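>
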Amino acid sequence: MTVLLFQLMVEQKISYNHKNMEVFKAIQTRYSVRNYKKDPVPTEKLQKVLEAARLAPSAHNAQDWKFVVVQDSAKRKALAQAAGQDFIATAPVIIVAVALEPEQMMSSGNPTYAVNLAIAVDHMTLMAAAEGLGTCWIGAFSQEEVKEILNIPRNFKVVVLLPLGFPAGVPGPKSRKTLKEIVSHDSF
Ligand SMILES: Cc1cc2nc3c(=O)[nH]c(=O)nc-3n(C[C@H](O)[C@H](O)[C@H](O)COP(=O)(O)O)c2cc1C
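Count the sequence shown with my numbering and you get residues 2 to 189, in order.
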């Protein structure tokens, strides 16, 4: 089993060679892009972003998600309207992340889909940043309207709209709490 796994890693050029890891750079670079260039997203870059979602972990490896890639201009405009956020339509691509098992709960009392989908979408935002692309999490939108626009069945749940494209502006300063404010050790 271990040999097989190793073989698979070699074949797929997967390794944990830390010298190749640029994750922190992508984390530092990513910001919410609210203004996009008209340039299309090259197919290889789009594929890489989607692959980053596909490889994301999920509870019980359920992979309880589907990602609708929206490039049609009329549908992008309709999605922007459903969110009441015009800038979304300026992105050449909007990836709509859909949870297929929104009723599932973990024994911890947390909804599984929210955790799973958040990880997959964050993978996409970081891969996009690494590819020079911008994204913006969109969590404020009409669930019903988005489902209607994209023919999403009622029993599923739309979690995030993710505009994707080349950034037209420059990032502002990051506003974050200090580590001291958000971390404690050995006790809350
Ligand atoms: C779950 C979630 C939902 C969000 N929804 C929206 C949204 O509807 N519209 C928007 O412009 N930004 C939205 N954001 C972006 C946040 O405002 C942004 O991430 C935060 O201000 C930090 O800025 P940064 O992403 O540039 O680092 C959302 C972010 C998250 C994580």
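Think of the CB as a built atom: it goes at the ideal place given N, C-alpha and C, for glycine as much as any other residue. All of these numbers come straight from a predicted model, not from anything done at the bench.
Spell out the partners DSSP gives G135 in its beta bridges.
For the purposes of this step, residue 135 is taken as the residue at position 134 of the sequence shown. Per DSSP, G166.
> Per DSSP, what kind of secondary structure is I153 in: helix, strand or coil?
Walking along the sequence shown from the start, residue 153 turns up at place 152. Coil, per DSSP.
> So the candidates are M125, D65, A81, Q64; which of them puts its Cα closest to the Cα of Q72?
The residue given as residue 72 occupies position 71 in the sequence shown. Closest by alpha carbon: A81.
> Which complete beta strand (DSSP E) runs does the segment 92 to 150 hold, if anything under 3 residues is left out?
94 to 100
> Label H124 either buried or exposed according to how many other C-beta atoms from any shown protein chain fall within 10 Å of its C-beta, with 16 as the threshold for buried.
For this step, residue 124 is matched to residue 123 along the sequence shown. Result: buried.
> Between S33 and ligand 2, is there a pair consisting of the residue's CB and a ligand heavy atom that are separated by less than 6 Å?
As for ligand 2, it is missing from this structure, which binds only ligand 1.
> Would you grab the beta carbon distance between P172 and Y32 for me? Rounded to a whole angstrom, and I think it's under 8 Å.
Here the question's residue 172 lines up with position 171 in the sequence shown. Here the question's residue 32 lines up with position 31 in the sequence shown. At roughly 4 Å, the Cβ-Cβ gap stays under 8 Å, so P172 and Y32 are in contact.
> Leaving out five residues before and five after A57 in sequence, what residues of the same chain have Cβ atoms less than 6 Å from its Cβ?
Against the sequence shown, residue 57 aligns to sequence position 56. Cβ within range, chain order: I120, A121, H124.
> Are there three or more Cβ pairs, one per stretch, closer than 8 Å when the segment 158 to 175 is compared with the segment 133 to 141?
yes
> Could you tell me which residues DSSP pairs with Y32 in its beta bridges?
Numbered from its first residue, the sequence shown carries residue 32 at position 31. Beta-bridge pairing links Y32 to no other residue.
> Name the residue from T44, A92, W66, S176 whose alpha carbon lies nearest to the alpha carbon of P103.
Against the sequence shown, residue 103 aligns to sequence position 102. Ranking the options by Cα distance to P103, first place goes to W66.
> Tell me which residues share the same chain as Y69 and place their Cβ nearer than 6 Å to its Cβ, disregarding the 5 neighbours each side in the sequence.
Sequence index remark: in the sequence shown, residue 69 carries index 68 (1-based). In the sequence under discussion, the amino acid at residue 69 is Val, which differs from the Tyr named in the question. Counting only Cβ-Cβ distances below 6 Å, and skipping sequence neighbours, we find V97, L151.
> In its own chain, which residues sit with a C-beta less than 8 Å from the C-beta of L47, not counting the 5 before and 5 after it?
Along the sequence shown, one-based indexing puts residue 47 at 46. Taken in chain order, the residues that qualify are V70, V94, L165.
> May I ask you to list the residues that DSSP assigns as paired with K158?
As a position in the sequence shown, residue 158 is number 157, starting the count at 1. Paired residue(s): A100.
> Report the residue from H61, E23, M128 whose alpha carbon sits nearest the alpha carbon of T113.
By one-based count along the sequence shown, residue 113 stands at place 112. Here the closest residue by C-alpha is H61.
> Classify T3 as helix, strand or coil using the three-state DSSP reduction.
To locate residue 3, count along the sequence shown from 1; it is residue 2. Caution applies to T3, whose pLDDT of 45 falls short of 50 and renders its modelled position unreliable; the value that the coordinates give is listed next. Looking at T3 - three-state DSSP - the assignment turns out to be helix.
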